[in-house]
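Please read the structure below before turning to the comments.
Residue numbers (UniProt numbering): 1 to 209.
This is the structure:
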(Lines of atoms letter the chains of each structure in order from A and count residues from 1; the text may use other names and numbers.)
(Lines give C-alpha, C1' and ligand atoms only; values in the text may rest on other atoms or scores of the structure.)
Protein backbone atom coordinates (compact mmCIF):
# COMPACT_ATOMS: atom_id res chain seq x y z
CA UNK A 1 0.00 0.00 0.00
CA UNK A 2 1.04 3.61 -0.58
CA UNK A 3 1.17 5.32 2.81
CA UNK A 4 2.51 8.55 1.35
CA UNK A 5 -0.81 10.40 1.52
CA UNK A 6 -1.56 11.42 5.09
CA UNK A 7 -5.15 11.35 6.27
CA UNK A 8 -6.87 11.22 9.64
CA UNK A 9 -10.35 9.75 9.91
CA UNK A 10 -12.81 8.85 12.61
CA UNK A 11 -13.38 5.08 12.66
CA UNK A 12 -17.15 5.55 12.65
CA UNK A 13 -16.86 7.56 9.43
CA UNK A 14 -14.69 5.01 7.64
CA UNK A 15 -16.17 1.50 7.82
CA UNK A 16 -13.56 0.14 5.40
CA UNK A 17 -10.89 0.80 8.03
CA UNK A 18 -11.87 -2.39 9.84
CA UNK A 19 -11.99 -4.48 6.65
CA UNK A 20 -9.76 -7.50 7.44
CA UNK A 21 -8.76 -7.71 3.79
CA UNK A 22 -6.96 -4.37 3.91
CA UNK A 23 -3.23 -4.95 3.59
CA UNK A 24 -0.16 -2.75 3.70
CA UNK A 25 2.36 -5.35 2.56
CA UNK A 26 0.19 -7.34 0.16
CA UNK A 27 -0.73 -11.00 0.54
CA UNK A 28 2.47 -12.34 -1.04
CA UNK A 29 4.75 -10.32 1.25
CA UNK A 30 2.68 -11.20 4.31
CA UNK A 31 3.13 -14.90 3.53
CA UNK A 32 6.85 -14.40 2.84
CA UNK A 33 7.34 -12.58 6.15
CA UNK A 34 5.40 -15.19 8.10
CA UNK A 35 7.57 -17.92 6.61
CA UNK A 36 10.71 -15.96 7.45
CA UNK A 37 9.68 -15.52 11.08
CA UNK A 38 8.91 -19.23 11.29
CA UNK A 39 12.34 -20.07 9.88
CA UNK A 40 14.07 -17.70 12.30
CA UNK A 41 12.33 -19.34 15.24
CA UNK A 42 13.57 -22.76 14.16
CA UNK A 43 17.24 -21.79 13.96
CA UNK A 44 19.01 -21.56 17.31
CA UNK A 45 21.79 -19.42 15.82
CA UNK A 46 19.38 -16.67 14.76
CA UNK A 47 19.57 -14.04 17.49
CA UNK A 48 17.86 -11.02 15.93
CA UNK A 49 14.89 -10.98 13.54
CA UNK A 50 14.78 -7.47 12.06
CA UNK A 51 11.71 -6.20 10.21
CA UNK A 52 12.57 -3.03 8.30
CA UNK A 53 9.52 -1.25 6.89
CA UNK A 54 8.52 2.28 5.99
CA UNK A 55 6.55 3.78 8.87
CA UNK A 56 5.38 3.48 12.48
CA UNK A 57 4.06 0.01 13.28
CA UNK A 58 2.78 0.48 16.82
CA UNK A 59 -0.65 2.05 17.34
CA UNK A 60 -1.06 5.74 18.16
CA UNK A 61 -4.32 6.57 19.90
CA UNK A 62 -4.97 10.28 19.46
CA UNK A 63 -6.78 12.29 22.17
CA UNK A 64 -9.27 13.41 19.51
CA UNK A 65 -10.18 9.84 18.65
CA UNK A 66 -9.13 10.06 15.01
CA UNK A 67 -7.04 7.39 13.30
CA UNK A 68 -4.10 8.12 11.03
CA UNK A 69 -4.32 6.13 7.81
CA UNK A 70 -0.72 7.08 6.97
CA UNK A 71 0.69 4.25 9.10
CA UNK A 72 -0.22 0.75 10.24
CA UNK A 73 -3.13 2.32 12.15
CA UNK A 74 -4.83 2.48 8.76
CA UNK A 75 -4.43 -1.28 8.34
CA UNK A 76 -5.44 -2.81 11.69
CA UNK A 77 -6.22 -6.20 10.18
CA UNK A 78 -2.79 -6.42 8.59
CA UNK A 79 -1.10 -5.37 11.82
CA UNK A 80 -3.06 -7.99 13.74
CA UNK A 81 -1.89 -10.68 11.32
CA UNK A 82 1.75 -9.69 11.78
CA UNK A 83 1.34 -9.63 15.56
CA UNK A 84 -0.20 -13.09 15.37
CA UNK A 85 2.79 -14.28 13.34
CA UNK A 86 5.19 -12.90 15.95
CA UNK A 87 3.22 -14.54 18.76
CA UNK A 88 2.78 -17.85 16.95
CA UNK A 89 6.39 -18.32 15.84
CA UNK A 90 8.07 -16.42 18.71
CA UNK A 91 11.48 -15.66 17.18
CA UNK A 92 14.20 -15.22 19.79
CA UNK A 93 14.37 -11.41 19.46
CA UNK A 94 12.21 -9.37 17.08
CA UNK A 95 12.95 -5.73 16.28
CA UNK A 96 10.93 -3.48 13.96
CA UNK A 97 12.55 -0.48 12.28
CA UNK A 98 10.61 2.34 10.62
CA UNK A 99 10.67 5.99 9.66
CA UNK A 100 8.69 8.47 7.54
CA UNK A 101 6.89 10.23 10.41
CA UNK A 102 9.69 12.78 11.07
CA UNK A 103 9.66 11.86 14.75
CA UNK A 104 11.57 9.51 17.03
CA UNK A 105 9.36 6.80 18.51
CA UNK A 106 10.51 3.93 20.71
CA UNK A 107 7.81 1.39 21.54
CA UNK A 108 7.08 -1.93 23.14
CA UNK A 109 5.29 -3.99 20.49
CA UNK A 110 2.46 -5.65 22.35
CA UNK A 111 -0.12 -8.28 21.50
CA UNK A 112 -3.55 -6.88 20.75
CA UNK A 113 -6.65 -7.39 22.85
CA UNK A 114 -9.95 -8.28 21.24
CA UNK A 115 -10.80 -4.60 20.75
CA UNK A 116 -7.57 -3.96 18.84
CA UNK A 117 -5.86 -2.11 21.67
CA UNK A 118 -2.54 -3.23 23.17
CA UNK A 119 -2.96 -5.64 26.03
CA UNK A 120 -0.32 -5.69 28.72
CA UNK A 121 1.92 -7.45 29.57
CA UNK A 122 2.50 -9.54 26.41
CA UNK A 123 5.44 -7.79 24.75
CA UNK A 124 6.31 -9.43 21.44
CA UNK A 125 8.99 -7.17 19.99
CA UNK A 126 10.77 -3.82 20.12
CA UNK A 127 10.24 -0.90 17.75
CA UNK A 128 12.51 1.98 16.78
CA UNK A 129 10.96 4.48 14.37
CA UNK A 130 13.46 7.15 13.39
CA UNK A 131 13.09 10.85 12.79
CA UNK A 132 14.10 12.84 9.72
CA UNK A 133 17.58 14.13 8.94
CA UNK A 134 16.43 17.69 8.13
CA UNK A 135 12.67 17.94 7.45
CA UNK A 136 10.46 19.38 10.19
CA UNK A 137 7.78 17.27 11.82
CA UNK A 138 4.79 19.49 11.13
CA UNK A 139 3.53 19.23 14.70
CA UNK A 140 4.55 20.37 18.19
CA UNK A 141 6.12 18.53 21.08
CA UNK A 142 3.15 19.42 23.29
CA UNK A 143 0.84 17.58 20.89
CA UNK A 144 3.19 14.62 20.68
CA UNK A 145 3.40 14.48 24.49
CA UNK A 146 -0.41 14.38 24.67
CA UNK A 147 -0.45 11.46 22.24
CA UNK A 148 2.24 9.61 24.18
CA UNK A 149 0.19 9.89 27.37
CA UNK A 150 -2.62 8.02 25.60
CA UNK A 151 -0.25 5.21 24.59
CA UNK A 152 1.61 3.56 27.48
CA UNK A 153 3.49 1.25 25.11
CA UNK A 154 5.28 4.35 23.74
CA UNK A 155 8.52 4.79 25.68
CA UNK A 156 9.78 7.84 23.77
CA UNK A 157 8.10 10.24 21.34
CA UNK A 158 10.02 13.30 20.15
CA UNK A 159 9.26 15.55 17.19
CA UNK A 160 11.38 18.54 18.14
CA UNK A 161 14.82 17.44 16.94
CA UNK A 162 16.29 16.13 13.71
CA UNK A 163 18.84 13.37 13.50
CA UNK A 164 19.42 9.66 13.01
CA UNK A 165 19.70 6.40 14.90
CA UNK A 166 22.68 4.12 15.45
CA UNK A 167 22.25 0.41 16.15
CA UNK A 168 25.02 -1.50 17.92
CA UNK A 169 24.20 -5.20 17.72
CA UNK A 170 25.94 -8.02 19.57
CA UNK A 171 24.81 -11.59 20.31
CA UNK A 172 23.63 -10.52 23.77
CA UNK A 173 22.36 -6.96 23.33
CA UNK A 174 20.86 -4.51 20.83
CA UNK A 175 21.62 -0.86 21.58
CA UNK A 176 19.92 1.99 19.73
CA UNK A 177 21.41 5.45 20.19
CA UNK A 178 19.34 8.38 18.94
CA UNK A 179 21.61 11.18 17.75
CA UNK A 180 20.25 14.67 17.10
CA UNK A 181 21.69 17.92 15.77
CA UNK A 182 21.40 21.36 17.34
CA UNK A 183 20.47 23.07 14.07
CA UNK A 184 19.66 21.08 10.89
CA UNK A 185 20.23 24.21 8.78
CA UNK A 186 23.92 24.44 9.72
CA UNK A 187 26.53 22.13 8.22
CA UNK A 188 28.74 22.68 11.27
CA UNK A 189 25.96 22.06 13.79
CA UNK A 190 26.78 20.31 17.01
CA UNK A 191 25.26 16.91 17.75
CA UNK A 192 24.24 15.12 20.92
CA UNK A 193 22.55 11.96 22.13
CA UNK A 194 18.82 12.37 22.67
CA UNK A 195 18.31 8.92 24.20
CA UNK A 196 19.68 5.41 24.28
CA UNK A 197 17.73 2.17 24.61
CA UNK A 198 18.80 -1.46 24.88
CA UNK A 199 17.11 -4.76 24.12
CA UNK A 200 18.61 -7.68 25.99
CA UNK A 201 18.82 -11.07 24.31
CA UNK A 202 15.70 -13.07 25.16
CA UNK A 203 13.82 -10.12 26.70
CA UNK A 204 11.32 -8.46 24.39
CA UNK A 205 10.95 -4.70 24.67
CA UNK A 206 13.43 -1.81 24.81
CA UNK A 207 14.54 -0.27 28.09
CA UNK A 208 16.33 3.06 28.65
CA UNK A 209 20.09 2.79 28.97
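Virtual Cβ for every residue (Gly too), placed ideally from N, Cα, C. Values in this document were obtained by computation on a predicted structure and should not be read as measured data.
Look at the Cβ atom of residue 221, then the Cβ atom of residue 177, and state whether they are nearer than 8 Å.
-> Absent from the structure is residue 221, since the part of the chain shown begins at 1 and ends at 209.
Can you tell me whether DSSP reads residue 154 as helix, strand or coil?
-> The residue given as residue 154 occupies position 154 in the chain shown. Strand at residue 154.
Cβ-Cβ distance between residue 135 and residue 94 below 8 Å | Along the chain shown, read from residue 1 onward, the residue named residue 135 stands at position 135. Along the chain shown, read from residue 1 onward, the residue named residue 94 stands at position 94. No, the pair does not count as a contact, with Cβ atoms beyond the cut-off.
In whole angstroms, what is the alpha-carbon distance linking residue 203 and residue 167?
-> Taking the first residue of the chain shown as position 1, residue 203 is located at position 203. Taking the first residue of the chain shown as position 1, residue 167 is located at position 167. Rounded to whole angstroms, residue 203 to residue 167 spans 17 Å at the Cα level.
Look at residue 175 and residue 207 and say whether their C-beta atoms are less than 8 Å apart.
-> To locate residue 175, count along the chain shown from 1; it is residue 175. To locate residue 207, count along the chain shown from 1; it is residue 207. Cβ distance not < 8 Å, so residue 175 and residue 207 don't count as in contact.
CA-to-CA distance, residue 189 to residue 153, given in whole angstroms | Looking up residue 153 in the chain shown gives position 153. Looking up residue 189 in the chain shown gives position 189. Cα to Cα, the separation comes out at about 33 Å.
For the segment 98 to 106 against the segment 77 to 90, are there 3 or more C-beta pairs whose distance is under 8 Å?
-> no
Measure the alpha-carbon distance for residue 105 versus residue 35 and round it to whole angstroms.
-> To locate residue 105, count along the chain shown from 1; it is residue 105. To locate residue 35, count along the chain shown from 1; it is residue 35. Distance between the alpha carbons of residue 105 and residue 35 is about 27 Å.
If we count the other Cβ atoms within 10 Å of its Cβ and call it buried at 16 or more, is residue 127 buried or exposed?
-> Residue mapping note: residue 127 aligns to position 127 of the chain shown, counting from 1. It counts as buried.
Residue 179 - partner residues in DSSP beta bridges = As a working note, residue 179 is residue 179 in the chain shown. DSSP, once it has assigned bridges, lists 164 and 193 as partnering residue 179.
What's the gap between the Cα of residue 147 and the Cα of residue 57?
-> Locating residue 147 in the chain shown gives position 147, where the first residue counts as 1. Locating residue 57 in the chain shown gives position 57, where the first residue counts as 1. Taking the straight line joining both Cα atoms gives about 15 Å.
Span separating the alpha-carbon of residue 182 from that of residue 196 | As a position in the chain shown, residue 182 is number 182, starting the count at 1. As a position in the chain shown, residue 196 is number 196, starting the count at 1. One C-alpha to the other measures close to 17 Å.
What separation, rounded to the nearest whole angstrom, lies between the Cα atoms of residue 184 and residue 160?
-> Locating residue 184 in the chain shown gives position 184, counting from the first residue. Locating residue 160 in the chain shown gives position 160, counting from the first residue. Roughly 11 Å separates the two Cα atoms.
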